[in-house]
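The sequence shown begins at 131 in the working numbering and counts up one residue at a time.
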Amino acid sequence: MDFLLLGVPLVPALAAPCAAACRRAAWLVALGGCGLVLVTLLLAAPPTVAGLSASAEVPWFPSLGVSYRLRADPLGTLFGLLVAGVGVLIVLYARSYLEHEPRQPAFFAYLLLFTGAMLGLVLADDLSTLYVFWEATSLASFFLIGFHDDRWDARQAAVRALVVTVVGGLAMLAGFVLLGLEAGTFRLSEMDPHRVQASPRYPWVLALVLAGAFTKSAQLPVHFWLPGAMVAPTPVSAYLHSATMVKAGVFLLVRLLPVLGGTELWRGWVLPVGMATFLFGAVVAVLQDDLKALLAYGTVSALGLATALAGTGTELGRDAAVLYLLNHAAYKGTLFLVAGAVEHETGTRNIPQLRGLARAMPVTTALAGASVFSLVALPGSGGFVAKDLAAKALGHGLEGWLWAGAVANAAFGTRFLQVFLGRGDVTARHEPAGLWAPALPLAVLCVLFGAWPPLPEAVVGWLGADHNVWPKFGLGKVAPAAAAVVGGVGAAWLVEQVPGRRRVRGWGGDHAFDALQRTLLRFAALLTHFTLTGRLRDYLVVVLGVAAVGAGLPLLSHGRWPEVGPISLEAAFVGMAACGVAATVLSRSLVSAVVALGAVGYSVVFLFMALRAPDVALTQMLVETVTLVLFLAVVTRLLTPDVPDRHPLAAVDLLAAVAVGAVAAALAFQATVGPPSQRLAEFFAEHARQAGGSNLVNLVLVDFRGLDTLGEITVLGVAALGVLALARRPR
């Protein structure tokens, strides 16, 4: 079983290319990949329930203690079953929903990639492994959200989701690195919470990790990417944005709760953000006219409550968060599939236009009723059980806010059911079984969680807790739930009755992102205009100037400089070379400039002679003579021998050239000064016999600096080819 565990995330990923290559049976490949993973996790479930955890690893960076390590513990196995189980249902649903989609194989390939990434995320037992799969989910969701890439809104929504989640993921990566250093290990199951929380870096670790969790689970103020992602096909919304990816942030909080949680800092940061998101999403959801937008803000609200439950830092809060997420996946997944069926058969998702669909879609209406029954947390539903445990975890101080959120949930649940009641102008064509059958198991779970006590108790018991999950149905609990439903129905009626009401779309989050994106693109265009001029001269000035400054600043503070002494013969030759350089720069004729440049080379020949290096001097003289002849041959064949007009910024060119020359000379001097043990001359002389020669200059060129000499020969060869091409160019 341990060996099979390593392949759990890889099976869907390897099946993705096969699905992309299959034109007619892509859905079968996707179904097989998700089904195989589901069977594997079901085999791992019984040992997990018994308290055993399967684990497997492959060394990745052994020197850093990093491995590709997976572990099927109760939490990971539970979420893995959720990912694989819902994945099977989504594949079946997408087969009918996308029956006329020509790019259906690509869709199933992207879906399999996401499934594999999500499975690796929930089963990872190494911070590096978790981060890799974390970013893989962002990348796969980018392809799925922007699946209809011919639409601007789909492309923009995909970019928003990718940028927000990846930026948060980069912050989380920094937090993971600090966490691994402070804990002394990158393995989640081996971290010591006392050591981590006692570290002075604990606040930084917590802040960076929370940045990743909050962005992934669409917490305020970065919630806007989730409603915007509703432009994706409905199977994507049902899978990513109700059952799997958006829950990754809450999953991370629950996973790291034993290591980072339980402190006042944890509660002070996580709990308020979660409650604010819970209330905000619930209120804004009521004001939406689009079915998927309504469900999207409802998902934001649910993620906020789950985050708040994890923010309590207690075992009861953890169990309440997990139970609530499972219930949410059941009823919200059903509602998304129902919304997709309505859009597929009517061609619209606009709530005011949709009425009376119950006659044409009776089974779909029943599924919607069962899921809304759990959504509004009526007694006997799974939502009621989860909300009761959530109230216990939050305590008496937040019960009022929880009840206010329940009223808002009841309001948007009522608005969702309105499309099936009354009479309307838009009617459904028919009710294909392929669009309601995949939602049936999720709707059944909505009922079982509230009607069969062993199911929620088994979930909590699987996590290793022994809480009393099943609520006591008394007037003190039934009456507030009924009052919340009545208040929600009244609120929904008021929203419908207010004339000219203004729908709240996102309260500026997406608009702020788009404005920032436009500003960044304008800045990039402006920067490109000033930097990419198309002139080689400008590029050389920038490159050489940066190199001169980067190498020159350390020399100014740490370099060793020669002492100024009497003028020697070598200094006279250097002066001659400087005069030749000045003549080259100031000359108005190309022929004169080439001759003056040759004078510079011959001055170097005399300098080598004065330094008693005849071999080098002879080599320099031969090279200089050949170069001078070639240059003159090229110049005399040009159309005009005059030097072109100087660049307006010729002074900048001169400054850059002088700076590069000075830095190069200073670097050369640093290599020749210092204690005798660091001098290159002594090093070459000492190791000359080992190189098998007696001529030190030849040994330097051929042995000690053989690769450098080969590079110089290559440069000369390339230059010769360029000169040959110029010489053959017609006048």
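Where a beta carbon is used, it is the ideal one built from N, C-alpha and C, also for glycine.
What's the C-alpha gap between residue i and residue j?
i: glycine 636; j: glutamine 349; result: Interpretation of glycine 636 is limited by its pLDDT of 43, a score under 50 that renders its predicted location unreliable; the figure taken from the coordinates is listed afterwards. Going by the C-alpha atoms only, they are around 13 Å apart.
i: valine 625; j: asparagine 539; result: 14 Å
i: valine 634; j: valine 452; result: Since pLDDT at valine 634 reaches only 49, below the 50 mark, its modelled position is unreliable, and no value is offered.
i: serine 268; j: lysine 346; result: 9 Å
i: leucine 810; j: aspartate 833; result: 14 Å
i: alanine 523; j: valine 515; result: 13 Å
i: leucine 300; j: alanine 794; result: 39 Å
i: leucine 194; j: valine 753; result: 52 Å
i: valine 366; j: phenylalanine 466; result: 10 Å
i: threonine 429; j: alanine 155; result: 33 Å
i: glycine 250; j: glycine 206; result: 9 Å
i: valine 830; j: glutamate 842; result: 14 Å
i: glycine 822; j: glutamate 812; result: 17 Å
i: phenylalanine 244; j: glycine 512; result: 28 Å
i: aspartate 518; j: aspartate 596; result: 16 Å
i: phenylalanine 703; j: alanine 747; result: 13 Å
i: aspartate 322; j: phenylalanine 263; result: 24 Å
i: alanine 438; j: arginine 225; result: 37 Å
i: valine 848; j: leucine 840; result: 12 Å
i: glycine 276; j: tyrosine 332; result: 38 Å
i: alanine 471; j: proline 568; result: 11 Å
i: glutamate 265; j: alanine 337; result: 19 Å
i: leucine 425; j: threonine 661; result: 47 Å
i: valine 218; j: valine 167; result: 10 Å
What residue range does the alpha helix (DSSP H) around residue i cover?
i: serine 197; result: Segment 196-202 is the beta strand (DSSP E) holding serine 197; no alpha helix (DSSP H) there.
i: phenylalanine 603; result: Looking at the DSSP string, phenylalanine 603 is not in any alpha helix (DSSP H), and its letter there is neither H nor E.
i: proline 778; result: Here proline 778 belongs to no alpha helix (DSSP H), and DSSP marks it neither H nor E.
i: leucine 650; result: 639-661
i: serine 828; result: Correcting the residue type first, residue 828 is asparagine in the shown sequence and not serine. Asparagine 828 -> alpha helix (DSSP H) spans 826-829.
i: proline 388; result: 378-390
i: glycine 594; result: Note, glycine 594: premise wrong, no alpha helix (DSSP H); not H, not E.
i: threonine 749; result: 744-765
i: threonine 374; result: From DSSP, threonine 374 is part of no alpha helix (DSSP H); its letter is neither H nor E.
i: threonine 393; result: Unbroken run through threonine 393: none, as it is neither H nor E.
i: aspartate 518; result: 512-524
i: proline 492; result: 492-505
i: valine 366; result: 364-368
i: alanine 818; result: No alpha helix (DSSP H) contains alanine 818, which DSSP labels as neither H nor E.
i: glycine 358; result: 355-358
i: leucine 565; result: 563-566
Could you spell out the range, first to last residue, of the beta strand (DSSP E) harbouring residue i?
i: alanine 186; result: 184-191
Should residue i and residue j be called a contact, given that it needs their Cβ atoms to be closer than 7 Å?
i: alanine 186; j: leucine 144; result: no
i: alanine 713; j: serine 733; result: no
i: phenylalanine 546; j: valine 416; result: no
i: valine 730; j: valine 711; result: yes
i: alanine 247; j: alanine 150; result: no
i: methionine 302; j: valine 335; result: no
i: tryptophan 355; j: arginine 448; result: no
i: alanine 368; j: glycine 463; result: yes
i: glycine 443; j: arginine 397; result: yes
Can you tell me whether DSSP reads residue i as helix, strand or coil?
i: asparagine 480; result: strand
i: aspartate 420; result: strand
i: serine 329; result: coil
i: serine 687; result: helix
i: serine 733; result: helix
i: leucine 551; result: coil
i: phenylalanine 277; result: coil
i: cysteine 152; result: coil
i: proline 583; result: coil
i: threonine 557; result: coil
i: alanine 850; result: helix
i: histidine 474; result: helix
i: arginine 635; result: For arginine 635, the predicted structure reports a pLDDT of 45, less than 50, and the residue's modelled location is therefore unreliable. The matter cannot be settled from this model.
i: histidine 230; result: coil
i: serine 431; result: helix
i: valine 704; result: helix
i: aspartate 322; result: coil
Would you list the one or two residues that DSSP bridges to residue i?
i: aspartate 256; result: Arg317
Say the cut is 6 Å; is the CB of residue i nearer than that to a heavy atom of the ligand FAD?
i: alanine 214; result: Ligands in the displayed structure: none, and consequently the ligand FAD is not present.
Check whether chain D comes within 7 Å of residue i, counting only Cβ atoms and requiring the distance to be less than that.
i: leucine 383; result: In the structure shown, chain D does not exist; there is a single protein chain.
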